[in-house]
Amino acid sequence: MKGCIQGAKPWSPERAASLLVFFSLIGLWELLSRLGVVSRLYFPPATDIIIVWLRLMADGVLPLALFQTFSRMACGYFAAAALMIPAGILLGVSPRLRALFGPSIELLRPLPPPAIIPAAMLFLGIGAAMKISVVFFACSFPILINSLDGARSVPRLFTDTGRTLGAGRMRLFRQVILPAALPGVMSGLRVALPISLIVAVLSEMIGSVDGIGHFIVQMQRVFSIPQMYAGVATLGLAGWFFNALFMKADRKLLAWHCGWKKGES
1061 MKGCIQGAKP WSPERAASLL VFFSLIGLWE LLSRLGVVSR LYFPPATDII IVWLRLMADG
1121 VLPLALFQTF SRMACGYFAA AALMIPAGIL LGVSPRLRAL FGPSIELLRP LPPPAIIPAA
1181 MLFLGIGAAM KISVVFFACS FPILINSLDG ARSVPRLFTD TGRTLGAGRM RLFRQVILPA
1241 ALPGVMSGLR VALPISLIVA VLSEMIGSVD GIGHFIVQMQ RVFSIPQMYA GVATLGLAGW
1301 FFNALFMKAD RKLLAWHCGW KKGES
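Residue numbers (my numbering): 1061 to 1325.
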């Protein structure tokens, strides 16, 4: 269902079962490592990783690294949203603009974001500007394409009714086209959210002196394996947290859409 994210209730049987599986996997990791079934050098016990994670969190090392990554991720993500949502809606309602910019979009859209990191480093160095620009590029096309599709899928009846009631272009755009295209816009924003985190971390791994990606690579290079896994776990928790926030915002913004879809079915 486009734009409607269905999630399990906080204390539903499905949520309890998923938590049970998660903690069972952690327990299995701990058991296999303690018994020597797997190498403790490469797979230290889960409790050791948790202890290291708590220490790094208390010392402020991981919070600082995560904040550095998140600040760049957020700048690129929100810049892409601010530019590509209106651009996508304009392309969606204008066949002329689609014909004009369509070939350029189709040429650039398949480019893997990691492929532009070397070029971005060449022109922008390894500072924040490089990372923000790569995140911006990676997020732009999911948001643009989904916003375009959302605007194109607005029923003709909606716009005709608005014009019949005397709505001008701006009012028609603000009160008819934009709300009707919002489910597609939110789908694009959700697709772009994990991409922004992945690309931000990857750019830090390739060329950076700070951030959670740089921290993970550095710990791997000096063979501090528990610290490396602590950084990976922090990324997993951050990704889960961002997705949970987005799901909550999506359900609130599109409650009317989800309710209508349920009634329709």
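Ideal Cβ placement from N, Cα and C applies to all residues, glycine included.
Please read all numbers here as calculations on a predicted model, not as lab measurements.
* Asked: From Leu-1305 to Ala-1293, what distance separates their C-alpha atoms?
  -> 18 Å
* **Rounded separation between Leu-1116 and Ala-1125 - CA only** => 11 Å
* Asked: Do Leu-1167 and Arg-1158 have their C-beta atoms within less than 9 Å of each other?
  -> no
* To do: Give the DSSP-derived three-state secondary structure of Val-1098 in the structure shown.
  => coil
* Asked: Looking at the unbroken alpha helix (DSSP H) that takes in Leu-1314, where does it start and where does it end?
  -> Run containing Leu-1314: none; DSSP gives neither H nor E here.
* Go ahead and label Ala-1076 buried or exposed: buried means 16 or more other beta carbons lie within 10 angstroms of its beta carbon, across all protein chains shown. => exposed
* Residue environment, Arg-1156, which counts as buried when at least 16 other CB atoms sit within 10 Å -> exposed
* Identify, in the order they occur along the chain, each residue of the same chain with its Cβ nearer than 6 Å to the Cβ of Ala-1140, setting aside the five sequence neighbours on each side. => Phe-1196, Cys-1199, Ser-1200, Ile-1203
* Asked: Is it right to say Glu-1264 is buried, meaning 16 or more other beta carbons lie within 10 angstroms of its own, or is it exposed?
  -> buried
* **Alpha-carbon to alpha-carbon, Leu-1314 and Met-1061** => Any reading at Met-1061 must be qualified, since the residue scores a pLDDT of 43, below 50, and its modelled position is unreliable; the value itself is stated next. Distance between the alpha carbons of Met-1061 and Leu-1314: 12 Å.
* **Collapsed DSSP secondary structure at Ile-1145 in the structure displayed** => helix
* **Where Lys-1312 falls, given that 16 or more other Cβ within 10 Å makes a residue buried** => exposed
* Do Ala-1180 and Cys-1135 have their C-beta atoms within less than 9 Å of each other? -> no
* Straight-line gap, Ala-1260 to Leu-1253 (C-alpha atoms, nearest Å) -> 11 Å
* Counting Cβ pairs closer than 8 Å, one from the region 1095-1113 and one from the region 1238-1249, do we hit at least three? -> no
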